[in-house]
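Step one of this worksheet: look at the structure below.
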Amino acid sequence: MDFIAFSWNSVNVYWYGIVMAVAVILGLAISWINVWLHKENFDIIIKIMVWGIPCSIVGARIVYVMQNMDYFSKNLSEIFCLWQGGLSIYGALLVFFAVCAICLKVNQMQILYWLDLIMPAIVFGLVILQITNFMMQFSVGTPLSVDIPNDHTPAEYIEYKYRPSGFEGYLYFQPVAFYQAAINFGIFILTVLLTLINRFFKLLSNGTIFLLALFLIALSRFYLGFMYLSVDKDVILYPVQWIALLVMIVTVIFYIGNKYRRAKRF
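Counting along the sequence shown from 1, when you hit position 93 you're at 1104 in the working numbering, and nothing is skipped either side.
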């Protein structure tokens, strides 16, 4: 698939931009429904999105460039070519949640409570992002033998121009972006169900849905990291996997600390 969706009066409209716009619209719709169910004010969501979306895109790009500094140091002009893909999920989430915390703190609202409400929309956005990566062939998994598709094993056909150097002879690769999209969709369904259950029965403490979703996203990224072609076989873990491991540890510690504070309070 080409980067350009269509052109209008010499202005190119890129698929990546269209997808990001769709993700924002659907995310707002999901957040609106969730906020409406909880009888809260939607204005704070608008404030968060106005600042959070552009900041998270910048943060995602910065982290991605840092992860691929060897390439971008030789191709400085491509640092700003967002339409070619290349956004770090961790960078986007880190900056977005930081903006959320600041906005909620300024407006004197419960941070963990609102992060629980926002999380389903965030996870759904990650689903769309990974589907885009799959369709645009941005994320390439390890190569598969040519007869793999004949035994019904999931595989992604990569066009010749997108095949990594040294792997031009392979046709099929592990569809890691598709796997990630499927897992994220499952996490999205889980967050929706837990949000609905918590709305009527209040079984979970504030922040539980947010931390659980974040832990599962990191866990899936850690596991699927072994399937990426860019993994260096000479190291124990890929850098993204170390980040995922750190995120999992932090979420567990934060959850235990939150439970301890609640128990001590009551």
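Cβ atoms here follow ideal geometry from the backbone N, Cα and C, with glycine treated the same way.
* To do: Measuring alpha carbon to alpha carbon, tell me which of Y1239, F1199 and I1247 ends up nearest I1041.
  => F1199
* Taking 8 Å as the CB-CB cut-off, is A1034 touching chain B? -> This model lacks chain B altogether; it includes just one protein chain.
* **Bounding residues of the alpha helix (DSSP H) (the contiguous stretch that carries I1090)** => Per DSSP, I1090 belongs to no alpha helix (DSSP H) and is neither H nor E.
* Does the separation of the CB atoms of I1064 and C1114 fall below 8 Å? -> no
* Asked: Should M1130 be labelled buried (16 or more other beta-carbon atoms within 10 Å of its own) or exposed?
  -> buried
* Asked: Taking the DSSP output, what are the residues bridged to P1154?
  -> F1184
* CA-CA distance, L1155 and Y1183? -> 5 Å
* Give the C-beta separation of D1127 and T1206 to the nearest angstrom, bearing in mind that I take them to be a contact with Cβ-Cβ under 8 Å. => 7 Å
* For F1017, name the three-state secondary structure that DSSP assigns. => strand
* Contact check, V1074 vs G1102 under 8 Å by CB: the rounded distance? -> 3 Å
* Taking only heavy atoms of the ligand GDP into account, decide whether any of them is closer than 7 Å to the Cβ of I1068. => The ligand content of the structure shown is nil, which means the ligand GDP is not present either.
* Would L1137 pass as a contact of I1100 if the rule is Cβ separation under 8 Å? -> yes
* **Sequence-distant residues of the same chain with beta carbon closer than 8 Å to R1210, five excluded per side** => L1048 and H1049
* Are the Cβ atoms of M1238 and T1153 separated by less than 8 Å? -> yes
* Sorted by chain position, which residues of the same chain lie with C-beta nearer than 7 Å to L1215's C-beta, five sequence neighbours on each side aside? -> L1205 and N1209
* Asked: What is the C-beta distance between L1140 and F1221, in whole angstroms, given that I count them as a contact (C-beta under 8 Å)?
  -> Not really, about 19 Å apart at Cβ, beyond 8 Å.
* Between the CA atoms of A1229 and V1258 - distance to the nearest angstrom -> 6 Å
* To do: Sort V1110, N1118, F1226 and G1028 by Cα distance to Q1252 and report the nearest one.
  => F1226
* Asked: Taking just the CA atoms, how far does Y1181 sit from I1055?
  -> 49 Å
* Hey, how far is the Cα of I1090 from the Cα of M1120? -> 37 Å
* With burial defined as no fewer than 16 other Cβ atoms inside 10 Å of the residue's Cβ, what is the status of G1236: buried or exposed? -> buried
* **7 Å Cβ shell around V957 - same chain, five flanking residues per side excluded** => It is not possible to answer for residue 957, since the shown part of the chain is limited to 1012 through 1277.
* Contact under 8 Å by Cβ, I1036 with Y1025 -> no
* Just the Cα atoms here: how many angstroms apart are Y1190 and C1111? -> 28 Å
* So I1194 packs on S1231, CB below 8 Å; how close in whole Å? -> 4 Å
* To do: Can you give me the Cβ contacts of S1067 inside the same chain, cut-off strictly under 6 Å, excluding the 5 residues immediately before and after it?
  => A1103, V1106 and F1107
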